[in-house]
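A quick write-up on the structure given underneath.
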Amino acid sequence: MLALISPNENNRICQVEQTDFPVAPPLEWVSCPDNCTTEWTYNNGTFEPPNPPAPPTAEENAATAASLLSATDWTTIADVGNPAMSNPYLANQADFIAYRNSVRQYAVYPVAGNITWATLPTEVWTKV
6 MLALISPNEN
16 NRICQVEQTD
26 FPVAPPLEWV
36 SCPDNCTTEW
46 TYNNGTFEPP
56 NPPAPPTAEE
66 NAATAASLLS
76 ATDWTTIADV
86 GNPAMSNPYL
96 ANQADFIAYR
106 NSVRQYAVYP
116 VAGNITWATL
126 PTEVWTKV
């Protein structure tokens, strides 16, 4: 792999390609690791990957949980999952309730760090 380096931009990696092509000076092609991207840095002849993002704070996870709950509020409306009141009706309303219970724990008791969030169920609509 080759990285196109721009010395005028603090050695920014402009592009990464399999093969080079003509470029105007001061741009130059430099061999780089196969997994290099434009997110990497190039300093003193060394390529370095970006630092991993900081894990989410408890407050950020609480906000994510609140957003996920808000997006599924509609699934808790009584008539949405009741065939006597709605046609079609949400046949798997119980799956959404279980999903929301899993997410709610982080809204009520937020924790810092990476969370493996519950998987949002797919809507299953059934006609009476």
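Per the numbering used here, the very first residue in the sequence shown carries number 6; after that it's consecutive. All C-beta atoms in this analysis are idealised placements derived from N, C-alpha and C, irrespective of residue type, glycine included. All values derive from a computational prediction rather than experimental measurement.
Contiguous beta strand (DSSP E) elements confined to the region 49 to 127 occur at 51 to 53, taking only those with 3 or more residues.
Excluding residues up to 5 positions away in sequence, Val21 lie with their Cβ nearer than 7 Å to the Cβ of Thr42 in the same chain.
DSSP places Cys19 in the uninterrupted beta strand (DSSP E) bounded by 17 to 22.
Non-local C-beta neighbours of Ala123 in its own chain, meaning closer than 7 Å and more than five positions away in sequence, comprise Tyr104, Ser107, Val108, ordered along the chain. It is roughly 36 Å from the alpha-carbon of Asn15 to the alpha-carbon of Thr69. CA-CA distance, Ala67 to Asp25, rounds to 47 Å.
Secondary structure of Glu33 (DSSP, three-state): strand. The C-beta of Ile10 has 16 or more other C-beta atoms within 10 Å across all chains shown, which makes the residue buried. Within the same chain, Met6 come within 7 Å of Gln23 by CB-CB distance, once the 5 residues on both sides are set aside. Between Ala96 and Val129, the C-beta gap is smaller than 7 Å, which places the two residues in contact.
Straight-line spacing of the CA atoms in Thr62 and Ala89 works out to 44 Å. Assignment of beta-bridge partners to Trp130 by DSSP yields Leu95.
Here Glu64 has Pro115 as same chain residues with Cβ atoms under 8 Å from its own Cβ, once five neighbours each way along the sequence are excluded.
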